[in-house]
Amino acid sequence: MQGFNMGRYYPPSTDTAPTFNQSSHPLGARARKISSGILTVRFELPFAVWCDTCKPAAIVGQGVRFNAEKKKVGNYYSTPVWSFRMKHTACGGWWEIRTDPKNAEYVVHAGARRREYGDVEKGEGEMAMLTEAERERRREDAFANLEGRVEGKQSERVGRERVEELLDASKVWEDPWTMNQKLRREFRGKRKAAEREDGIKEGIQEKFSLGLEIADEVEGDAARARLVEFGAHDGGDSEAERKPVFAIQRTNVNGAADEKSLSKTKKLKSEIHAEKTRNSLQQSLVGNTRASINPFLDKSKSSSAKVDLGILKRKR
Numbered sequence: 002m003q004g005f006n007m008g009r010y011y012p013p014s015t016d017t018a019p020t021f022n023q024s025s026h027p028l029g030a031r032a033r034k035i036s037s038g039i040l041t042v043r044f045e046l047p048f049a050v051w052c053d054t055c056k057p058a059a060i061v062g063q064g065v066r067f068n069a070e071k072k073k074v075g076n077y078y079s080t081p082v083w084s085f086r087m088k089h090t091a092c093g094g095w096w097e098i099r100t101d102p103k104n105a106e107y108v109v110h111a112g113a114r115r116r117e118y119g120d121v122e123k124g125e126g127e128m129a130m131l132t133e134a135e136r137e138r139r140r141e142d143a144f145a146n147l148e149g150r151v152e153g154k155q156s157e158r159v160g161r162e163r164v165e166e167l168l169d170a171s172k173v174w175e176d177p178w179t180m181n182q183k184l185r186r187e188f189r190g191k192r193k194a195a196e197r198e199d200g201i202k203e204g205i206q207e208k209f210s211l212g213l214e215i216a217d218e219v220e221g222d223a224a225r226a227r228l229v230e231f232g233a234h235d236g237g238d239s240e241a242e243r244k245p246v247f248a249i250q251r252t253n254v255n256g257a258a259d260e261k262s263l264s265k266t267k268k269l270k271s272e273i274h275a276e277k278t279r280n281s282l283q284q285s286l287v288g289n290t291r292a293s294i295n296p297f298l299d300k301s302k303s304s305s306a307k308v309d310l311g312i313l314k315r316k317r
């Protein structure tokens with residue numbers, strides 16, 4: 002859409018010819034420093050760098066983009082050298098990365114340092130080409146030519162072995178559907194076993210009202226539990242019902258404690274015998290009472306039996 006008065010003809014002799022795009026730059030805010038030769042561009046890191054301003058130093062990966070100030074800082078013969086100055090928003094520090102036309106790469110000029118991956122071993126990367134001097138030496142010297150052939154055969158053998166290893170590794174995923182089916186089948190079995198174990202744990206927590214998380218079963222704990230023996234129990238349910246819930250202090254049957262108390266209190270034998278009888282009766286009553294109200298005993302057998310209180314129904 003054209004603006005107002007943009008499609009009209011103005012003769013050269015007119016004094017009121019309109020002007021366009023003089024109050025702002027066509028690139029907008031990116032060119033606000035164009036008078037200093039600075040243009041804001043979107044710069045992508047060509048390699049990973051360490052920020053020296055961050056404490057401790059932080060690494061920024063390759064491919065991260067920044068708004069950089071592009072400026073010409075020199076020439077290498079007829080090729081300009083460009084400077085890209087950007088701000089690391091995490092710490093507020095400034096970096097400067099420049100082009101290196103001589104080596105055809107980028108270099109970190111200030112504010113950061115390039116990440117080093119170590120020395121490149123021989124044979125890695127691009128293939129090395131023979132120079133003219135090396136070719137001439139191999140033409141004149143037979144041993145040098147033989148050494149070059151041996152090195153070439155050795156590198157060829159290593160490369161062939163590496164390719165075979167890669168082929169063997171790729172054959173594992175030759176049929177992705179089958180491998181996916183196998184992995185899902187194995188995972189499904191483990192998931193069902195885990196759900197079964199979780200159900201057992203939840204049942205134990207609900208049964209005993211445990212608010213703690215139950216740990217997984219360990220084979221060592223199971224082996225130790227099998228070695229524990231609680232001894233033989235000859236009595237039946239009746240003995241368990243008569244046994245009190247809490248431990249009761251029993252008096253000595255031989256009367257050793259009574260003899261000591263007798264020497265102190267100087268009681269008669271008849272009084273001591275009556276006291277023993279009273280204590281034994283009291284313990285029996287307490288034990289039977291606790292057994293009748295014990296909530297942990299099984300009342301399935303006693304619940305079916307009816308208690309005869311000796312009450313007769315009146316005939317009508």
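Residue numbers (the working numbering): 2 to 317.
From the three backbone atoms N, C-alpha and C, an ideal C-beta is built for every residue, glycine too.
Which residue comes first and which comes last in the beta strand (DSSP E) that contains residue i?
i, result
"R115", "113-115"
Taking residue i and residue j to be in contact with their CB atoms under 8 Å, please state how far apart those CB atoms are, rounded to whole angstroms.
i, j, result
"N68", "T41", "6 Å"
"E70", "I98", "Contact doesn't hold; Cβ gap of about 11 Å is too wide."
"A49", "R116", "4 Å"
"I205", "L213", "The pair is not a contact, with the Cβ atoms about 11 Å apart (cut-off 8 Å)."
"T54", "G112", "7 Å"
"K56", "Y77", "In fact, because the Cβ distance is near 35 Å, the residues do not count as touching under 8 Å."
"N140", "G149", "Looking at the sequence itself, residue 140 is Arg, so the reference to Asn does not match. That belief does not hold up - the Cβ atoms of R140 and G149 are roughly 11 Å apart, past 8 Å."
"C52", "G93", "The pair is not a contact, with the Cβ atoms about 10 Å apart (cut-off 8 Å)."
"V82", "V74", "5 Å"
According to DSSP, simplified to helix, strand and coil, what is residue i?
i, result
"T132", "coil"
"E214", "coil"
"V173", "coil"
"L167", "helix"
"V229", "coil"
"H110", "strand"
"T278", "helix"
"L28", "coil"
"T41", "strand"
"A105", "coil"
"K268", "coil"
"G119", "coil"
"D142", "coil"
"R197", "helix"
"T15", "coil"
"K34", "coil"
"R150", "helix"
"R9", "coil"
"T20", "coil"
What are the boundary residues of the alpha helix (DSSP H) that residue i is part of?
i, result
"V219", "Looking at the DSSP string, V219 is not in any alpha helix (DSSP H), and its letter there is neither H nor E."
Buried or exposed for residue i, going by 16 or more other Cβ atoms inside 10 Å?
i, result
"H89", "buried"
"R86", "buried"
"V254", "The pLDDT assigned to V254 is 46, lower than 50, so where the model puts this residue is not dependable, and the model offers no usable value."
"W178", "exposed"
"S188", "Checking the sequence, you will find Phe at residue 188 rather than Ser. Result: exposed."
"F209", "exposed"
"L46", "buried"
"R225", "exposed"
"V229", "exposed"
"W174", "exposed"
"V159", "exposed"
"V151", "exposed"
"V108", "exposed"
"F44", "buried"
"V164", "exposed"
"V61", "buried"
Which runs of the beta strand (DSSP E) spanning at least 3 residues fall entirely within the stretch 43-103, listed in chain order?
Given a length threshold of 3 residues, each whole run of the beta strand (DSSP E) inside the stretch 43-103 is given here in chain order: 50-52, 59-61, 66-77, 80-89, 94-101.
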